[in-house]
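Asker: My questions all concern the structure below.
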Amino acid sequence: MSDVPEPTGRPTPNSTERSTDGSESRGDRTRQPCKVSGKPLDPPNRPLRTGAGSVRILLSVSAANLAETSSEEGLWVPNQRDAPDAAALDGAALLRWARLCAADLAEHRAEINALNVFPVPDADTGTNLLATMRAAVYEVDEVVDTQDVAAALARGAVRGARGNSGLILSQVLRGLAEAVRDGPLTGRRLRGGLALAAVLVRAGLSAPVEGTLLTVLDCAAASALGCADDGLGAVAQAAADGAAKALGETPSQLRPLREAGVVDAGARGLVVLLDVLVAVARGEVPERPVYTARVVDAPGSAVPVLSDGSAVQLSSDGSADQLPPDGSAVQSPSEEPHFEVMYLVRTESAAALRDRLNELGDSVLVVSAGAGEWSAHVHCADAGAALEAGLVAGAVREIRIESFAVTSPLDAHADVRIGERGVLAVAAGTGAAALFEAAGAVVVRADEPVGTAALLEAIRALPHREVLVLPNGALPAHELVAVGAAARDAHRDVLLLPSASMVQGLAAVAVHDRGRIAVDDAFAMSEAAAGTRWGSLRVAAGPALTMVGRCAAGDGLGLVGHDVVVIDSDPAAAGKTLLDRMLGLGGELVTFLLGAPAPAGLAAELAAHVRRGFPGVEVLVYSGGQRGDLMQIGVE
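Following this line, the structure appears as structure tokens:
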């Protein structure tokens, strides 16, 4: 269904850290016992430390990058004040955890989407979890105390939740918010928060199904309760390991997962969040496999497959013969198309609303949003009736209705388009191309100049009726106008977005949402691109006269847009001056897109400069591989 709108954040003069950016159909199931015992996963051997002012350096789009090797090669460059362990998380640390959750969900989005086969194989669970966490982070106006931050995270998640998985995530945050009413998040309060979250989720679901996120949440809570150590790091580790173990057992509990050869997508997202909590509290990143899908012809013969090709060992206690033989309680791919309906409703009869929605469809979830308001979710064939049920119950707002075509598990994992809209991005460099492809765009390589004919051919080759084009500065405006006119003559809608650089294009594709109509989607993406100031750092090839004076061969040139604004004999010094000027106007997120000529250590040096001069600003570093620039710089 929809992709993720990434909030740009609110002005936060009193905050030192801000977000830059963040189930279950009907049917009876025998509840599987959660086993807390068993050998825990081996401890990671590479530490990761986080703290205020931390700088995140992503050298590629692979989820494997979540292990640190060194300050230059790893993901995190910590502030020297950081300690490896934390006894408790205060408001600032809790917000930092939420921000890191959003970042890591973004890293795992493709993996989680590929696992999504239940209740509807629409490959959007990772997207929904990411959107929900970003909505949670966006709700935090400023860091005051733990209770206020936690309450804001929960409120934002409930009101901005996407999908069943997003609503369940909101209840996890709500449980934590209740647990920290009297102080910072400790090991004991984490136990209570997870236990309450498990209760809230089951209370909100009309027909809980085992082998899904709620089962794994139960196991995480039970593992936390069974931890003999009261330390936050130990309890978080126990919860994360318990969730990971339960995740591996989900295929044995739910037929669609077993037949598709996957673990539950939403539960995989929960493991990501708990692992981030371990990283923040303990300074270590738990090592987890990357789950991939294997679709087979013979039902029951598939098992989840890890990134190294090895199979997950399923628990014999939850074997497939305990499942209904016909899978009658599972939504069949042959059923008529459904709608996902979500809205907020102010009502005093939430139970009656839940019952009515249960009559209309499945995947029903009605949870409290606070202050007498409830968030409702249902998959149904009659979206109008679902909306009418809300209107009968009370005052409805924030209505979201999305259609989805039920596909087979094979279709869900095929590398093909979903929906009628595609994104075409022009990118130079292998790394930059991989970034756009990971975000779902089709890439036209621009390692050599791209002409109008090549771009037009690429647009016409797409199977989509609607195409959003991110030119990323590869063609001048008059040529883009000609391409757009010619492409529309080919009986398709083509919208050319104003991305003048690849960093602007990355900001735009991050908010792409197929659930919106094309014009609204294009407007949001254009707004994101326009909201990203961009510049570049280059080395002068020879003497020249610029608007700020003469440069010599080998000088470092700092450009804002297409204009040279800094000249320095030392390229690194030019980069620092350029960053000072760009961040002097404000900014929360700096993106470095490293070019092929960038020398080793340049990114780390400039990231450290940002950390020292602009506390709280997050730095993302990607390997772009483009020729010419040492790096492109984006400031959001």
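Using the working numbering, the first residue of the sequence shown is number 267, and each one after it goes up by one.
Cβ coordinates follow ideal geometry from the N, Cα and C atoms, glycine included.
1. Runs of 4 residues minimum, wholly inside the segment 367-435: which ones carry the alpha helix (DSSP H) assignment?
2. Please identify the residue among Ala635, Leu811, His645 whose C-alpha is closest to the C-alpha of valine 662.
3. Are three or more beta carbon pairs between the segment 517-530 and the segment 368-387 nearer than 8 Å?
4. Measure the C-alpha to C-alpha separation of glutamate 625 and arginine 428 and round it to an integer number of angstroms.
5. Please list the segments of the beta strand (DSSP E) lying wholly inside the segment 793-821, counting only runs of 3 or more residues, in order along the chain.
6. Per DSSP, what kind of secondary structure is isoleucine 899 in: helix, strand or coil?
7. If you measure between the beta carbons of alanine 642 and tyrosine 609, is that distance less than 9 Å?
8. Is DSSP giving serine 289 helix, strand or coil here?
9. Judging by CA-CA distance, which residue of Ala358, Val537, Glu723 is the nearest neighbour of leucine 690?
10. The beta strand (DSSP E) with alanine 725 in it runs from where to where?
11. Under the three-state reduction of DSSP, which class applies to threonine 613: helix, strand or coil?
12. What do you get for methionine 791, buried or exposed, if any count of 16 or more other CB atoms within 10 angstroms of its CB means buried?
13. Roughly how many whole angstroms lie between the Cα atoms of threonine 812 and glutamate 405?
14. Assuming valine 832 and threonine 843 form a contact by the criterion Cβ under 8 Å, report the distance between their Cβ atoms to the nearest whole angstrom.
15. DSSP on valine 709, reduced to helix/strand/coil?
16. Which value, in whole angstroms, describes the spacing of the CA atoms of alanine 838 and glycine 861?
17. Compute the Euclidean distance between the alpha carbons of aspartate 836 and threonine 857, then round it to the nearest angstrom.
18. Between the beta-carbon of leucine 520 and the beta-carbon of glutamate 550, is there less than 9 Å?
19. Select from His828, Ala807, Gly827, Val814 the residue whose C-alpha is nearest the C-alpha of aspartate 821.
20. Output the distance between the C-alpha atoms of glutamate 871 and alanine 840, rounded to the nearest integer angstrom.
21. Out of Thr558, Ala505, Asp786, which has the shortest C-alpha to C-alpha gap to arginine 524?
22. Quick check on leucine 701: does DSSP put it in helix, strand or coil?
23. Could you compute how far the alpha carbon of valine 465 sits from the alpha carbon of alanine 512?
24. So if DSSP puts leucine 860 in a beta bridge, which residue, or which two residues, is it bridged to?
25. Which residue's Cα is closest to the Cα of alanine 649: Phe789, Ile667, Leu823?
26. Tell me the DSSP bridge mates of cysteine 646?
Answerer: To lay it out plainly:
1. Restricting attention to alpha helix (DSSP H) runs no shorter than 4 residues, the segment 367-435 encloses them at 391-404, 412-425, ordered along the chain.
2. Ala635
3. yes
4. Roughly 22 Å between the two C-alpha positions.
5. 799-805, 810-812, 815-817
6. strand
7. yes
8. Here the model assigns serine 289 a pLDDT of 38, short of 50, so the residue's position is not dependable, and the following value carries that caveat. Here serine 289 sits in coil by DSSP.
9. Glu723
10. First, the residue type needs correcting, since residue 725 is isoleucine and not alanine in the sequence shown. It is not in any beta strand (DSSP E) - isoleucine 725 instead sits in the alpha helix (DSSP H) that spans 718-727.
11. coil
12. So methionine 791 counts as buried.
13. 44 Å
14. Your pair valine 832 and threonine 843 checks out as a contact, with CB atoms roughly 5 Å apart and the cut at 8 Å.
15. strand
16. 14 Å
17. So the alpha carbons of these two residues sit roughly 21 Å apart.
18. no
19. Ala807
20. 12 Å
21. Thr558
22. helix
23. 18 Å
24. Ser889, Met897
25. Ile667
26. Phe605, Gly627
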